[in-house]
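Quick note on my numbering: the sequence shown kicks off at 26 and runs consecutively. Beta carbons are placed, not taken as given, at the ideal position from N, Cα and C, and that holds for glycine.
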Amino acid sequence: MQDIESQNAVTLESQLTERFGLLLSQTQLAQLLGRTTGGLRYSLSYPSDRQTRALKACGRKI
26 MQDIESQNAV
36 TLESQLTERF
46 GLLLSQTQLA
56 QLLGRTTGGL
66 RYSLSYPSDR
76 QTRALKACGR
86 KI
């Protein structure tokens with residue numbers, strides 16, 4: 026079961042890197058998640074669940 030999940034994660038990572046490159050802008054991330062840019066910014070400013078907190082922890086300003 027873990028092997029399948031690992032393969033799916035690698036495949037998803039490869040697809041995302043191929044489509045967007047190594048870095049995602051907030052606009053691209055919002056598009057990928059099916060959200061508005063403003064809604065994404067709000068969610069990242071006030072994370073209410075574990076997934077949003079994890080996503081915010083991955084973010085970097087360049």
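Backbone CA spacing between L57 and D74 [nearest angstrom]
Taking the straight line from one Cα to the other gives about 19 Å.
What does the alpha-carbon distance come out to for the pair S76 and S68?
Residue 76 is actually Gln in this sequence, not Ser. Q76 and S68 have their C-alpha atoms spaced approximately 11 Å apart.
Is the distance from the Cβ of L65 to the Cβ of L54 below 8 Å?
For the pair L65 and L54, the CB atoms are nearer than the 8 Å cut-off.
At the level of alpha carbons, what is the spacing between R85 and Q51?
Rounded to whole angstroms, R85 and Q51 show a C-alpha spacing of 11 Å.
Start and end of the alpha helix (DSSP H) containing L48?
DSSP places L48 in no alpha helix (DSSP H); its state is neither H nor E.
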